[in-house]
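A short write-up of the structure that comes next.
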Amino acid sequence: MQKTILSGVKPTGRPHLGNYFGAMKQFVELQNKNKDGINYFFIADYHALNLIQNAKEIRELSLGVVIDFLAIGLDPKKSVIFKQSDIQEHTELAWIFDTITTVPYLKRAHAYKDALTKGKEEEVSAGTFTYPMLMAADILLYDTDIVPVGQDQKQHIEFARDTAEKFNRIFGETFKIPDAYIVKNAETVLGTDGKKMSKSYNNTIPLFATDEEIEKTVMSIVTDSSGERPENVFAIHSLFKSKEELEKVYKENKGKYKVLKEALIKDLKDFIKPMRKKREKIASDKEAVYKILEEGKKKARATARAKMQRVKKVIGVD
Ligand code: ADP
Ligand code: TRP
Numbered sequence: 117m118q119k120t121i122l123s124g125v126k127p128t129g130r131p132h133l134g135n136y137f138g139a140m141k142q143f144v145e146l147q148n149k150n151k152d153g154i155n156y157f158f159i160a161d162y163h164a165l166n167l168i169q170n171a172k173e174i175r176e177l178s179l180g181v182v183i184d185f186l187a188i189g190l191d192p193k194k195s196v197i198f199k200q201s202d203i204q205e206h207t208e209l210a211w212i213f214d215t216i217t218t219v220p221y222l223k224r225a226h227a228y229k230d231a232l233t234k235g236k237e238e239e240v241s242a243g244t245f246t247y248p249m250l251m252a253a254d255i256l257l258y259d260t261d262i263v264p265v266g267q268d269q270k271q272h273i274e275f276a277r278d279t280a281e282k283f284n285r286i287f288g289e290t291f292k293i294p295d296a297y298i299v300k301n302a303e304t305v306l307g308t309d310g311k312k313m314s315k316s317y318n319n320t321i322p323l324f325a326t327d328e329e330i331e332k333t334v335m336s337i338v339t340d341s342s343g344e345r346p347e348n349v350f351a352i353h354s355l356f357k358s359k360e361e362l363e364k365v366y367k368e369n370k371g372k373y374k375v376l377k378e379a380l381i382k383d384l385k386d387f388i389k390p391m392r393k394k395r396e397k398i399a400s401d402k403e404a405v406y407k408i409l410e411e412g413k414k415k416a417r418a419t420a421r422a423k424m425q426r427v428k429k430v431i432g433v434d
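Under this note's numbering, residues 117 to 434 are what the sequence shown spells out, in order.
In structure tokens:
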């Protein structure tokens, strides 16, 4: 495979099974397949600034995402791992996109609509409103082919495609049109309450959960006694075990919700433990982690700078 793959994660909290199965697992698979291409995975800290406005917190959370990336198997020899704020071209290009985008178009964005449902319009930051243009810049700066994400980001990738097309129409062929990469079995991973698993809903199972956390969260999964089997438990279980294998266990233990939850607890513990151990080891050498970010910065910057020069030329500000 010889493609350019790119995705970002906001440093807004601990990653959960939704982030992993919906997106991050695919980062690793694609990285390992795309041997002759380029892979970029970055910490979307300027996106997170809409939510986290505390220097100590954002610094820690950003470093945390790099450690998460390494713990799940991203390899700095195969992927460029960097921080969005280290590459000034992201915000520079976002501004240019803002100027060719209209207000009604941005009003359709999910991130903005979600923010409206959570609070008053007067409280939504302008950064939240123009968020899709920063995301478009993240993607288009690197001539990205494929963007692995969960279903909730699909619309934002479409915005990036539209923006590339619009820019190309106005200024001439400049940007490549990216494709979203969304896997079918985990496009929207459900949380302990049966709604989309999300950091903001308090329904997550952390990816690097301790054994105690696994026990507590699995026991809190809401079960519906009307069905054949506890669907919420089964859905989480089937993220990492085959359906055939599970159907047998769930049939044998029909109605025994506690037994089934205990089976999920055991399997989750076995699944999470090696990654958690690896994360602990990586986290113990912060200097090595900073070095990876430094190297990523150099590589990403070279590409971003060259692309931006081209953009400046076609719009006439060079
Ligand atoms: P959150 O919604 O928990 O704040 P992020 O915005 O940090 O998560 O998302 C990081 C990546 O994980 C994105 O690609 C997003 O689409 C994916 N993702 C988040 N939640 C889920 C979910 N419940 N199911 C599938 N993918 C998800
Ligand atoms: N908006 C994405 C999220 O909320 C994070 C993100 C920012 C991203 N820039 C990106 C994902 C570019 C893919 C490509 O999860």
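Yeah, the Cβ is synthetic: ideal placement off N, Cα and C, and Gly gets one too.
Problem - Simplified DSSP assignment, three categories, for residue 120 - result: strand
Problem - CB of residue 334 within 8 Å of CB of residue 377, strictly - result: yes
Problem - Beta-carbon proximity check, residue 177 vs residue 207, cutoff 8 Å - result: no
Exercise for the section: Please find out if some non-hydrogen atom of the ligand ZN comes closer than 7 Å to the beta-carbon of residue 226. Expected result: Summarising the ligand content, the structure contains the ligand ADP and the ligand TRP and does not contain the ligand ZN.
Problem - When 429, 183, 163 and 167 are compared against residue 252, the one with the closest alpha-carbon - result: 163
Practice task
With hydrogens ignored, establish whether the beta-carbon of residue 249 is closer than 7 Å to any heavy atom of the ligand TRP.
Solution key: no
Practice task
Using a threshold of 8 Å, state whether the C-beta atoms of residue 323 and residue 148 are closer than that.
Solution key: no
Handout entry: Cβ-heavy atom distance, residue 300 to the ligand ADP, below 7 Å
Key = no
Handout entry: DSSP three-state assignment for residue 166, whether helix, strand or coil
Key = coil
Handout entry: CA-to-CA distance, residue 403 to residue 175, given in whole angstroms
Key = 14 Å
Handout entry: Whole-angstrom C-beta distance between residue 157 and residue 489, which should lie under 8 Å
Key = This structure gives no information on residue 489, because the portion of the chain shown stretches from 117 to 434.
Problem - Bridge partner(s) assigned by DSSP for residue 264 - result: 297
Handout entry: Own chain, CB closer than 8 Å to residue 267, minus 5 neighbours either side, in chain order
Key = 138, 298, 303 and 304
Exercise for the section: In angstroms with no decimal places, state the Cα-to-Cα distance between residue 331 and residue 368. Expected result: 22 Å
Practice task
Compute the beta-carbon to beta-carbon distance between residue 399 and residue 183, rounded to the nearest angstrom, for a pair I have assumed lies under 8 Å.
Solution key: 5 Å
Handout entry: Same chain only: Cβ atoms within 6 Å of residue 231, ignoring 5 sequence neighbours per side
Key = 240 and 244
Problem - Quiz: which residues have CB nearer than 5 Å to the ligand ADP non-hydrogen atoms - result: 125, 126, 134, 135, 138, 139, 265, 266, 268, 269, 304, 305, 312, 313, 314 and 315
Practice task
Mind checking which residues open and close the alpha helix (DSSP H) that includes residue 350?
Solution key: 347–353
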